[in-house]
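Working notes, structure below.
2 protein chains.
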Amino acid sequence: MNPELFLQLDRVIHEKGRLAIMAALAASPELSFTELRDTLGMTDGNLTSHIRTLQEEGFVSVAKSFQNNRPLTSCSLTKTGRKAFGEYIALLEQIVRQNKP
Amino acid sequence: MNPELFLQLDRVIHEKGRLAIMAALAASPELSFTELRDTLGMTDGNLTSHIRTLQEEGFVSVAKSFQNNRPLTSCSLTKTGRKAFGEYIALLEQIVRQNKP
Numbered sequence: 027m028n029p030e031l032f033l034q035l036d037r038v039i040h041e042k043g044r045l046a047i048m049a050a051l052a053a054s055p056e057l058s059f060t061e062l063r064d065t066l067g068m069t070d071g072n073l074t075s076h077i078r079t080l081q082e083e084g085f086v087s088v089a090k091s092f093q094n095n096r097p098l099t100s101c102s103l104t105k106t107g108r109k110a111f112g113e114y115i116a117l118l119e120q121i122v123r124q125n126k127p
Numbered sequence: 027m028n029p030e031l032f033l034q035l036d037r038v039i040h041e042k043g044r045l046a047i048m049a050a051l052a053a054s055p056e057l058s059f060t061e062l063r064d065t066l067g068m069t070d071g072n073l074t075s076h077i078r079t080l081q082e083e084g085f086v087s088v089a090k091s092f093q094n095n096r097p098l099t100s101c102s103l104t105k106t107g108r109k110a111f112g113e114y115i116a117l118l119e120q121i122v123r124q125n126k127p
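From first to last, the protein sequence lines are chains C and Y. Counting from 27, one number per residue, gives the positions in the first sequence under my numbering. Counting from 27, one number per residue, gives the positions in the second sequence under my numbering.
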């Protein structure tokens with residue numbers, strides 16, 4: 027086994043909640059805060075906190091606009107975020123390959 | 027995407043350090059504390075703390091004996107631990123499959 031693989035897993039993406047957010051955003055050009063929250067079954071507070079961490083890391087960008095006179099918050103992966111998520115998944119793939127029974 | 031997959035990831039195994047320990051133990055019938063520590067490059071304190079958590083979860087068993095008059099601590103996966111690790115890896119495999127570009 028190669029212990030380096032585990033050390034290389036991105037600490038920010040590895041957290042289960044953030045991993046789910048990154049995976050949801052990787053599958054869409056963008057998602058509204060409400061869509062993300064409902065898809066993942068998270069509380070507002072939990073999602074807000076994870077999105078802030080992902081923003082600070084440069085992985086997610088957040089845009090505020092209006093739709094039918096109501097505020098709309100849209101989240102999407104940045105180029106950096108998409109690259110980091112791709113690398114994270116590639117590492118998981120190696121971990122799976124080395125650890126399959 | 028299926029958000030259930032992420033929720034199902036075992037919280038105890040998912041932590042990077044413990045994941046590395048479980049993977050190392052899965053590859054051997056047993057490893058001494060020293061072998062684990064040196065393979066994974068962990069501090070004594072860090073490894074002790076993770077092993078205790080894995081013991082409490084019933085995933086790892088620890089046996090103390092003597093070898094050449096020196097105390098020897100051996101760690102191994104329990105049957106429960108081996109099953110939980112197998113399920114964890116199977117979930118990772120599904121996550122990888124759903125998220126490959």
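For glycine and all other residues, C-beta sits at the position ideal for the given N, C-alpha and C. None of the values given here were measured: they were computed from a predicted structure.
Under the three-state reduction of DSSP output, F111(Y) falls in the helix class. At a Cβ-Cβ threshold of 7 Å, S58(Y) and L117(Y) do not count as neighbours. Each of R78(Y), G84(Y) and A50(Y) was checked against the Cα of K126(C), and the nearest Cα belongs to A50(Y). Comparing C-alpha distances from L62(C) to each of V88(Y), R37(Y) and M27(Y) shows the shortest one belongs to M27(Y).
Close CB contacts of L66(Y) within its chain, under the 8 Å cut and outside five residues either way in sequence, are with G43, A46, I47, A50 and L73 (chain order). One Cα belongs to A89(C), the other to H76(Y), and the distance between them is close to 40 Å. Rounded to the nearest angstrom, the gap between the Cα atoms of F85(C) and G112(Y) is 31 Å. Around N72(C), no beta-carbon contact reaches into chain Y at under 8 Å, the shortest distance being about 13 Å.
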